[in-house]
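**Student:** Quick one: structure below, then a few questions.
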Amino acid sequence: MNFDGSDYVVRFENVGLRYGLGPEVLQDVSFALAPASYHFLIGPSGAGKSSLLRLMYLAMKPSRGLISLFGRDMARTAREDLPGLRRRIGVVFQDYRLLNHLSAFDNVALPLRVAGGRERDIQKHVEELLSWVGLGDHMNASLPTLSGGQQQRVSIARAVITKPQLLLADEPTGNVDDRIALRLMHLFEELNKLGTTIVIATHNESLVKRLGHPRLRLDGGLLLGDPQSRRGRKGKGDEMLDGSRHMEAG
Amino acid sequence: MNFDGSDYVVRFENVGLRYGLGPEVLQDVSFALAPASYHFLIGPSGAGKSSLLRLMYLAMKPSRGLISLFGRDMARTAREDLPGLRRRIGVVFQDYRLLNHLSAFDNVALPLRVAGGRERDIQKHVEELLSWVGLGDHMNASLPTLSGGQQQRVSIARAVITKPQLLLADEPTGNVDDRIALRLMHLFEELNKLGTTIVIATHNESLVKRLGHPRLRLDGGLLLGDPQSRRGRKGKGDEMLDGSRHMEAG
Amino acid sequence: MISRRTDLPLDGDVLAGFLPWLIAFMVFLAVVAAAGMFILHDATANWSAGLTHTLTVQVPPTKGEKALPAAEDPHVLDALKVLRTTGGIIRADLVPQTEVLELLEPWLGRDGAAGDLPLPYLIDAEADPDAKFDIATLRSRLTKAHPGISVDNHRDWLDRLVGLIDAVEWIARGVLLLIGLATVGTVIFTTRTGLSVHRDTIEVLHLIGAQDDYVAKQFAWRALTLGLRGGTIGLALAAPTVLGIGYLASGIETGLLPDASLGVAQWIALAFIPILAAAIATLTARITVTKTLAGML
Amino acid sequence: MISRRTDLPLDGDVLAGFLPWLIAFMVFLAVVAAAGMFILHDATANWSAGLTHTLTVQVPPTKGEKALPAAEDPHVLDALKVLRTTGGIIRADLVPQTEVLELLEPWLGRDGAAGDLPLPYLIDAEADPDAKFDIATLRSRLTKAHPGISVDNHRDWLDRLVGLIDAVEWIARGVLLLIGLATVGTVIFTTRTGLSVHRDTIEVLHLIGAQDDYVAKQFAWRALTLGLRGGTIGLALAAPTVLGIGYLASGIETGLLPDASLGVAQWIALAFIPILAAAIATLTARITVTKTLAGML
Ligand SMILES: Nc1ncnc2c1ncn2[C@@H]1O[C@H](COP(=O)(O)OP(=O)(O)OP(=O)(O)O)[C@@H](O)[C@H]1O
Ligand SMILES: Nc1ncnc2c1ncn2[C@@H]1O[C@H](COP(=O)(O)OP(=O)(O)OP(=O)(O)O)[C@@H](O)[C@H]1O
Ligand SMILES: [Mg+2]
Ligand SMILES: [Mg+2]
């Protein structure tokens, strides 16, 4: 695959982030993700993984630096255009963020409805996906009646239902056992094969090792090179950005 | 160690639980936990682990069967006595349940304050414990500014600050990496050595394997024997209850 | 403008039970205050129509002489002529002496000295309520005809009473304004509470790619239904109250409160109050939500 | 009963900004309604004191004869004797004829036929306001003395006015009751909203081993402070309003509203309204929370 700079799905350049007046929790972060790439985002607790994802799913603005998504400079994108961009991104939040008053079905259907999908198509898609993640029996259960792991799977289903171009998942397998975790990872692989760019923040080391995708390693707000990944699936579309602190993500 | 039936810290007999008019999510559960025992509660997502813990920390009444805590039959315990019993139980909730408007420090101090502890003692204890779980720098941070893993450690600190006689933890290491997970497990081991009875519900199979404590295995609401644990640390104070469905927990 | 979608758990929250009653209370007060204003306004209008434009002209009896029949007294004839040639006076009639005697009965006793007493002559005149009518000019013209003539336009006590009623009317208007402000404030606060209670939900919708409008419409719809519900309750409670006050008032003095019941137009105006309240609620909710959302990235 | 602990984020939530204003509004209305009630009550009391116990006895002039000076007329002397021997009458004085003339001036003209006219004699009597006084008996005794004598106790129009004022007073009382109920309802609803907003927090405290009281006290404390804050605002806004109404009313007719300003005791009574509101708020909050908690295991 060949593409110039604007073809990256995500591109960060010297991005810094601070909350309020606190210290920078992300410092000089630079990387670029090619279309249909698949990365793990790893690092110790408090390293800034969730913060980095928050920037990517447009929940926050960086304190400094440049972020571009789908080839568009976010600093120069009007607020009205953001909902459209957000619909191309699927997010699994670390704390799920499901709507407690809705059923599992309605939670998963929500992104389709917000985007104005036809109710008939929605029905079929949502039911299929919920069955796939093992919640066929809990389709109409209200959210608070689901177990922790069941809720986590609903949140994953909601993130992938629109077949987004970019999927961001924050610790998506913390409350499920390894068997289900693997099954969910397969779901992500399928999406990835269809062209979705995927970033998964996780602590599950065995999973990271087993799947062997390239890694973005954060520590103390700094993005560090991951020597292992360099030996990994090199050339899947990722490129070194110029500049000394820029690193190869994958 | 020798003790009769009333010396069990937790004793379930033919306990059944249903939510509202739904099906029984726990069926005929019988087991008994001896003082200072340490068990893992395992089973697939939706098996009923959290529900079982909820019964133990007195958030719900069983639909049928007998539960006794610290030798007292819960069905015959007056409502006024429950707060006293609850103070002898430490709980790590699957979804943390921290108070968002309080700092990490105040969250951990809460059980001591509710029990009427002296502010000076509280200060020292809480600071010590927070440092131990790696949050010495975030003592006064407000809750929502902490990362997922940091919040999880606050919730663990809150559960153990009172040195409870019974510690119940629901997936306490889902959002931390293996290094921190091990450190937290050591904390539990220390407590256990001081006499605390511990039950940890978890999906972290490598941890369960590594620590080798006896297991309670739930599946579809039924408590199943765990052949592995029988070979394990037999005779640490647990006893077979009579009756066919009763099983040895440990 | 509004949307019946229910991604937000607005119907189930506690505010949904609270807001209608609050609005009902506001509407109740507003309707009662407005009805009171209507009644008072009608009363003063009636008085103005019935009394302000009536003049009583009094011609003193001719001293020392045996009184002539009223209709022949030259001063009376003069006075009538003056009145009938004054622009703005549409009627001027002599009051029969029997009526004058009746009026004087409290002072002269029932068997008052009928023919014996030199009674004053009274003329009842009516001014055109639309014409601008100058009482001072008339007075000077009449005293020119005969110095003893006096003109009473019943204004003194009426002015005082109308002043009092006006004050009460102003108070009622102030209360109405206050209620309006309180309603707007209430809706703003409850909407804000709703926003903060549902903040997480709103943020999720936002991050999923919902337009601001998508969220704002749901709040507006809720405010509309709750507002209408509350308004209807308030009106339903206020109607019997207004009728009851009217009944009480009419049981008192007909002269004091000439017509204490409301006309159809006035009832219709009152019925618009809950609709107005619901409209205020809807608009306030929409604006509040839109503003809050604009604060999110 | 209350506790200043703040495990619950009560101070920061939106209701904390809302409740005081709502209570301020309620207290404002209550204070204005109560002040109005006081003023009206004083007015009717004044009238009763000043007028109800005053009698005017009218003795017709002796027909056909040249009038005697009032103090010598036998009928007048009879009437005075009857009055002075009637239990409950504490004073009975002849009204000088000059005053009678003044009273008749509107009817007889300024240069009314002074000595020439046979004027009625008037006696001004005062009844003991405390004694039960039977006007009918007095009337029959007086007519026995002289058939033409009439007694006027000024009751007719006063009764009507007092009736009207009474009706208004009852309405004010109804409004006060309504405001009380609305305040209780508001506090119940806001407390419930608070409970539902903070339900998770309350549940955590509960599971950690907090007694019901520990939680209820915090809500009660909050209700007390918010209630006092709101009550103070309401009173502060109401005081100038009451003064303003008093000023307006005193600018009108002194006879109609004898004393439109409030006494010290009445101001103190008004100052108790916000305290009462805060107390209602505190109690309601406590009861609501305790009931809700009792539903948890
Ligand atoms: N409040 C509730 N009302 C109704 N059903 C419930 C409720 N809570 C749990 N359940 C149901 O009970 C079953 C067991 O749930 P529980 O939370 O105990 O599972 P779990 O073993 O903890 O699962 P996980 O590992 O995913 O946390 C599930 O099928 C769930 O849907
Ligand atoms: N809203 C916030 N306000 C202030 N500081 C914050 C906020 N959110 C996160 N932080 C801080 O930023 C740092 C990075 O947090 P982040 O949630 O990105 O970590 P993380 O890598 O996702 O950790 P974990 O694996 O535990 O979820 C932490 O020190 C945290 O305390
Ligand atoms: Mg995180
Ligand atoms: Mg669970």
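Residue numbers (the numbering used here), protein chains in the order written: chain L, 923 to 1172; chain P, 923 to 1172; chain Y, 331 to 627; chain G, 331 to 627. Cβ coordinates follow ideal geometry from the N, Cα and C atoms, glycine included.
Going along chain L in order, which residues have a C-beta closer than 7 Å to the C-beta of Y/T531?
**Tutor:** Chain L residues near Y/T531: L1021.
**Student:** Can you grab the Cα-Cα spacing for the pair L/M923 / L/P957, in whole Å?
**Tutor:** Bear in mind that a pLDDT of 43 at L/M923, under 50, signals an unreliable position, so the model cannot answer this.
**Student:** Can you tell which of Y/G417, Y/L592 and Y/A401 has its C-alpha closest to the C-alpha of Y/Q427?
**Tutor:** Y/Q427 has its Cα closest to that of Y/A401, out of Y/G417, Y/L592 and Y/A401.
**Student:** Mind checking whether the beta-carbon of L/G1096 lies closer than 7 Å to any heavy atom of ligand 2?
**Tutor:** No; taking the cut-off as 7 Å, the Cβ of L/G1096 has no heavy atom of ligand 2 nearer than that.
**Student:** Any beta carbon of chain L sitting closer than 8 Å to that of P/S1151?
**Tutor:** With a pLDDT of only 40 at P/S1151, under 50, the local geometry of the prediction cannot be trusted, and the value read off the model is given with reservation. With 8 Å as the cut-off, P/S1151 does not count as an interface residue toward chain L.
**Student:** Please look up how many angstroms separate the CB atoms of L/V1130 and L/A1081, rounded, as I've assumed it's under 8 Å.
**Tutor:** Not really, about 19 Å apart at Cβ, beyond 8 Å.
**Student:** Could you check what DSSP says for L/R882 in three-state terms: helix, strand or coil?
**Tutor:** Given that chain L is displayed from residue 923 to residue 1172, the structure contains no residue 882 of chain L and the question cannot be resolved.
**Student:** What first and last residue would you give for the alpha helix (DSSP H) that runs through L/F1027?
**Tutor:** Counting along the chain, the alpha helix (DSSP H) containing L/F1027 begins and ends at A1026 to V1036.
**Student:** Could you check which residue in L/E946, L/G944 and L/S959 has the C-alpha nearest to that of L/F1110?
**Tutor:** The candidate whose alpha carbon is nearest that of L/F1110 is L/S959.
**Student:** Looking only at its own chain, which residues have a Cβ that is under 7 Å from the Cβ of P/G1142, when we skip the five neighbours before and after it?
**Tutor:** For P/G1142, where only same-chain residues beyond five positions count, the Cβ hits under 7 Å are A969.
**Student:** Verify the contact flag: P/Q1016, CB atom, against every heavy atom of ligand 4, threshold strictly below 7 Å.
**Tutor:** Because some heavy atom of ligand 4 lies under 7 Å away, the Cβ of P/Q1016 counts as near it: yes.
**Student:** Considering G/D482, what are the terminal residues of the beta strand (DSSP E) in which it resides?
**Tutor:** Counting along the chain, the beta strand (DSSP E) containing G/D482 begins and ends at S480 to D482.
**Student:** Give the secondary structure of P/R986 by DSSP, where H, G and I count as helix, E and B as strand, and everything else as coil.
**Tutor:** Looking at P/R986 - three-state DSSP - the assignment turns out to be strand.
**Student:** Residues in the same chain with beta-carbon distance under 8 Å from P/Y979, minus the five sequence neighbours each way, listed in chain order, please.
**Tutor:** The residues are R1008, I1011, V1013 and L1090.
**Student:** To the nearest whole angstrom, what separates the beta carbons of L/V932 and L/L963, a pair I think is in contact under 8 Å?
**Tutor:** At roughly 12 Å, the Cβ-Cβ gap does not stay under 8 Å, so L/V932 and L/L963 are not in contact.
**Student:** With a threshold of 8 Å between beta-carbons, can G/F549 be considered close to chain Y, or not?
**Tutor:** By this cut-off, G/F549 is not an interface position.
**Student:** Could you tell me whether the Cβ of P/Y979 comes closer than 8 Å to any Cβ of chain G?
**Tutor:** Yes, P/Y979 lies at the interface with chain G (some Cβ there is under 8 Å from its Cβ).
**Student:** Are the CB atoms of P/L991 and P/A997 within a distance shorter than 8 Å?
**Tutor:** No; because the gap between Cβ atoms is not below 8 Å, this pair is not in contact.
**Student:** What does DSSP give as the partner residues of L/Y979 in its beta bridges?
**Tutor:** The partner list for L/Y979 (beta bridge, DSSP) is empty, contrary to what the question assumes.
**Student:** What's the call for G/G625, buried or exposed, on a 16-neighbour Cβ count within 10 Å?
**Tutor:** By the 10 Å Cβ count, G/G625 comes out exposed.
**Student:** For Y/L606, which option in Y/G347, Y/T562 and Y/G576 has the closest C-alpha, if you only look at C-alpha atoms?
**Tutor:** If we check each option's Cα against that of Y/L606, Y/T562 comes out closest.
**Student:** With H, G and I counted as helix, E and B as strand and the rest as coil, what does DSSP make of Y/G652?
**Tutor:** Residue numbering for chain Y in the displayed model covers 331 to 627; residue 652 of chain Y lies beyond these limits and cannot be assessed.
**Student:** Answer yes or no: the CB of L/S1069 versus the heavy atoms of ligand 4, is any distance below 7 Å?
**Tutor:** Yes, the Cβ of L/S1069 comes within 7 Å of a heavy atom of ligand 4.
**Student:** Given 7 Å as the limit, tell me if L/P984 has its C-beta closer than that to any heavy atom belonging to ligand 1.
**Tutor:** No.
**Student:** Considering only heavy atoms of ligand 2, does any lie closer than 7 Å to the CB of P/Q1072?
**Tutor:** Within the cutoff, so yes.
**Student:** Got a sec: which bits of the segment 1088-1103 of chain L sit with their beta carbon under 7 Å from any beta carbon on chain P, in order along the chain?
**Tutor:** Of all residues in the segment 1088-1103 of chain L, E1093, G1096, N1097, V1098, D1099, D1100 and I1102 have a Cβ within less than 7 Å of some Cβ in chain P.
**Student:** How long is the line joining the alpha carbons of Y/L508 and L/D1059, rounded to whole angstroms?
**Tutor:** Taking the straight line from one Cα to the other gives about 55 Å.
**Student:** Leaving out five residues on either side along the sequence, give the residues of the same chain with a beta carbon under 6 Å from the beta carbon of P/R1139.
**Tutor:** For P/R1139, where only same-chain residues beyond five positions count, the Cβ hits under 6 Å are I964, G965, L1146 and D1148.
**Student:** Give the straight-line distance between the Cα atoms of Y/V387 and Y/V425, rounded to the nearest whole angstrom.
**Tutor:** Roughly 10 Å separates the two Cα atoms.
**Student:** Do the segment 469-485 of chain Y and the segment 565-576 of chain Y touch if we need at least three Cβ pairs shorter than 8 Å?
**Tutor:** Segments in contact, no.
**Student:** Interface residues of chain P around L/E1127 at Cβ under 8 Å?
**Tutor:** In chain order: D1099 and D1100.
**Student:** Near L/V937, which residues of its chain fall below 8 Å by C-beta distance, leaving aside the five closest residues on each side in sequence?
**Tutor:** These residues qualify, in order along the chain: L948, D950, V951, S952, L977, P984, R986, G987, L988 and I989.
**Student:** Where does G/G585 fall in DSSP's three states?
**Tutor:** Reliability of the predicted coordinates at G/G585 is poor, the pLDDT of 47 falling under 50, and no value is obtained from them.
**Student:** Could you please give the first and the last residue of the uninterrupted beta strand (DSSP E) stretch that includes G/L452?
**Tutor:** Unbroken beta strand (DSSP E) run through G/L452: Y451 to A457.
**Student:** Given 8 Å as the limit, is there contact between the segment 1062-1079 of chain P and the segment 1014-1031 of chain P, that is, 3 or more CB pairs closer than that?
**Tutor:** Yes, they touch.
**Student:** Measuring only from the beta carbon, is P/S972 closer than 7 Å to any heavy atom that is part of ligand 1?
**Tutor:** P/S972 Cβ: within cutoff of ligand 1.
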